[in-house]
Amino acid sequence: MVGGTVGRMGPTLTVFLGGDVMPGRGVDQILPHPGDPTLRERYVRDAREYVGLAEAVNGPIPRPVDPGWIWGDALAVLDAAAPDVRLINLESSITARGEFERGKAVHYRMNPANVGCLTVVRPDVCVLANNHVLDFGEQGLADTLDALTGAGLRTVGAGADLDRARAPAILGGPHGGRFVIFSCGAASSGVPSSWAAAPGRPGIDYLPEASRASAAALASRVRAVKRPGDIAIVSVHWGSNWGYQVTLDQVRFAHALVRAGADVVYGHSSHHPRPIEVYGKRLVLYGCGDLVDDYEGICGYERYRDDLRLLYLATLRADTGELAGLRMVVIQARKMRLHHASTADTRWLGSKLDQVSRGFGTRIAVEGQTLAIS
Numbered sequence: 014m015v016g017g018t019v020g021r022m023g024p025t026l027t028v029f030l031g032g033d034v035m036p037g038r039g040v041d042q043i044l045p046h047p048g049d050p051t052l053r054e055r056y057v058r059d060a061r062e063y064v065g066l067a068e069a070v071n072g073p074i075p076r077p078v079d080p081g082w083i084w085g086d087a088l089a090v091l092d093a094a095a096p097d098v099r100l101i102n103l104e105s106s107i108t109a110r111g112e113f114e115r116g117k118a119v120h121y122r123m124n125p126a127n128v129g130c131l132t133v134v135r136p137d138v139c140v141l142a143n144n145h146v147l148d149f150g151e152q153g154l155a156d157t158l159d160a161l162t163g164a165g166l167r168t169v170g171a172g173a174d175l176d177r178a179r180a181p182a183i184l185g186g187p188h189g190g191r192f193v194i195f196s197c198g199a200a201s202s203g204v205p206s207s208w209a210a211a212p213g214r215p216g217i218d219y220l221p222e223a224s225r226a227s228a229a230a231l232a233s234r235v236r237a238v239k240r241p242g243d244i245a246i247v248s249v250h251w252g253s254n255w256g257y258q259v260t261l262d263q264v265r266f267a268h269a270l271v272r273a274g275a276d277v278v279y280g281h282s283s284h285h286p287r288p289i290e291v292y293g294k295r296l297v298l299y300g301c302g303d304l305v306d307d308y309e310g311i312c313g314y315e316r317y318r319d320d321l322r323l324l325y326l327a328t329l330r331a332d333t334g335e336l337a338g339l340r341m342v343v344i345q346a347r348k349m350r351l352h353h354a355s356t357a358d359t360r361w362l363g364s365k366l367d368q369v370s371r372g373f374g375t376r377i378a379v380e381g382q383t384l385a386i387s
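Heads up: the sequence shown runs through residues 14 to 387, numbered per this note's numbering.
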């Protein structure tokens, strides 16, 4: 069901939705051009310590690695799936300049010379409205936008002023319609209110709260841009890092977006996958979980199995945007690289995701090394 025709369903499109991609800190240190490892965290002051934690758990990591190392088996999976559009949430600044943002406990930055670790996975759009893109201030944001643009990568959700931060990314589709992508970052994920873009001020498309008023405002922007035949995707960075609970405000917000014309609500921020819902025949991902990070070896949340990651491949009807199928490939982070997960781990994650999604009317089936909506 990839970009083709399925019986009487008509043409379909496949969208890859990746969770949080965090190539800063420890990940940056194993890439070909490691940047300044200095950190200002409470317990860790050198990013190379995160590499050491990962090595203590799973063995030595070669350094430097090639830009594709961190993606590992995911590259072949995506090439085989051949999605019509690829989206990732890029949760790091890309800069060698700027000042540490005050009041934040954790800061992420990647050396601009390592941007090849992003281009190798060929994202069509990097969504930037999240709680780390301004970790090194407005200078860091400007450098991030310059690095991505210079590498030929589109962005959405952040910009030099309010209009550019709110502007959707618009891509041509294979069947005449367009992909229209919005990105906003919520206070509930830790985004400081000072990061909100304003007329003449850089920042992100900031969401103070997932309220009815905020949903209505964003919904009106979706309706204003979407045309017949378009696929509208709304990326929302929201919620806490751990746990499976989805708040009633988040549910209402997602439903309001779908009623306004959003075909996919692409939620993220949690470090592990959260429930999945199909509402109005549209896909709602309340939390995609992490995809690339340096959390290997960090203790305290082992029960969530955040080493297990998902590659979300959603098949949509090209004419209506309705969900035709959802396949999720389970992969595991080891040695700061993505590997195919074992059968046992695939079954564990499938069972957990099925358990937490039942309240939303969604059942998850295990099909070999992948998960699917049953």
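All C-beta atoms in this analysis are idealised placements derived from N, C-alpha and C, irrespective of residue type, glycine included.
{"Check": "Quick one: what's got a C-beta closer than 7 Å to I43's C-beta in the same chain, skipping five residues either side?", "Outcome": "V64, I74, R76, P77, V78, M349"}
{"Check": "Tell me the rounded alpha-carbon separation between A223 and G72.", "Outcome": "42 Å"}
{"Check": "Quick one: measure Cβ to Cβ for G203 and D218, integer angstroms, because I've assumed they're closer than 8 Å.", "Outcome": "That pair is no contact at about 16 Å."}
{"Check": "Touch check for the region 313 to 322 and the region 35 to 55: three-plus C-beta pairs under 8 Å?", "Outcome": "no"}
{"Check": "Quick one: what does DSSP say R46 is sitting in, helix, strand or coil?", "Outcome": "Arg is not the amino acid found at residue 46; the sequence shown has His there. Reduced to three states, the DSSP call for H46 is coil."}
{"Check": "Suppose you measure from the CA of A67 to the CA of E309; what does that come to, to the nearest Å?", "Outcome": "5 Å"}
{"Check": "For A269, collect the residues of the same chain with a Cβ closer than 6 Å to its Cβ; drop the 5 residues on either side in sequence, then sort them by chain order.", "Outcome": "A228, A232"}
{"Check": "What residues in its chain sit with their C-beta under 7 Å from that of G150, if we drop five residues either side in the sequence?", "Outcome": "G111, E112, E114"}
{"Check": "Do you know whose CA, among V291, S355, S370, R371, lies nearest G381's CA?", "Outcome": "S355"}
{"Check": "Counting pairs of beta carbons, one from the region 117 to 124 and one from the region 262 to 281, are three or more of them closer than 8 Å?", "Outcome": "no"}
{"Check": "Report the three-state DSSP secondary structure of F13 (helix, strand or coil).", "Outcome": "Any answer about residue 13 is impossible in this case: the structure gives the chain only from 14 up to 387."}
{"Check": "Taking 6 Å as the limit between beta carbons, can you name the residues of its chain near A209, skipping five residues before and five after?", "Outcome": "G216, Y219"}
{"Check": "Please name the residue in N254, Y325, H250 whose C-alpha comes closest to that of V98.", "Outcome": "Y325"}
{"Check": "With three or more beta-carbon pairs closer than 8 Å as the criterion, would you say the region 166 to 185 touches the region 130 to 139?", "Outcome": "yes"}
{"Check": "Across the region 365 to 375 and the region 326 to 338, are there enough close Cβ pairs to call them in contact, namely three or more that are closer than 8 Å?", "Outcome": "no"}
{"Check": "Determine the direct distance from the alpha carbon of I344 to that of V70, and round the result to whole angstroms.", "Outcome": "17 Å"}
{"Check": "I need the straight-line Cα distance from R340 to L30, nearest angstrom please.", "Outcome": "11 Å"}
{"Check": "Helix or strand or just coil, what does DSSP make of N102?", "Outcome": "strand"}
{"Check": "Which word fits T27, buried or exposed, when buried means at least 16 other C-beta atoms lie within 10 angstroms of its C-beta?", "Outcome": "buried"}
{"Check": "Would you kindly report the start and end of the unbroken alpha helix (DSSP H) that includes T132?", "Outcome": "129 to 132"}
{"Check": "Under a Cβ-count criterion, where at least 16 other Cβ atoms within 10 Å of its own Cβ denotes burial, should Y292 be classed as buried or exposed?", "Outcome": "buried"}
{"Check": "Can you check the region 105 to 190 for any alpha helix (DSSP H) of at least 4 residues that lies completely inside it and give the ranges in chain order?", "Outcome": "129 to 132, 150 to 163, 175 to 179"}
{"Check": "Starting from V70, trace the alpha helix (DSSP H) in both directions and tell me its first and last residue.", "Outcome": "61 to 71"}
{"Check": "By the 10 Å Cβ neighbour count, where 16 or more other Cβ atoms means buried, how is G185 classified, buried or exposed?", "Outcome": "exposed"}
{"Check": "Which residue from T162, I244, S282 puts its Cα closest to that of V271?", "Outcome": "I244"}
{"Check": "Starting from the Cα of A109, find the closest Cα among T132, G153, L147, G190 and give me that residue.", "Outcome": "G153"}
{"Check": "Between which two residues does the beta strand (DSSP E) carrying V90 extend?", "Outcome": "Taken as a continuous stretch (DSSP letters only), V90 belongs to no beta strand (DSSP E), being part of the alpha helix (DSSP H) at 87 to 94."}
{"Check": "Are there 16 or more other CB atoms within 10 angstroms of the CB of R295, so buried, or fewer, so exposed?", "Outcome": "buried"}
{"Check": "For the candidate residues L147, I194, L100, L158, whose alpha-carbon lies nearest to that of V128?", "Outcome": "L158"}
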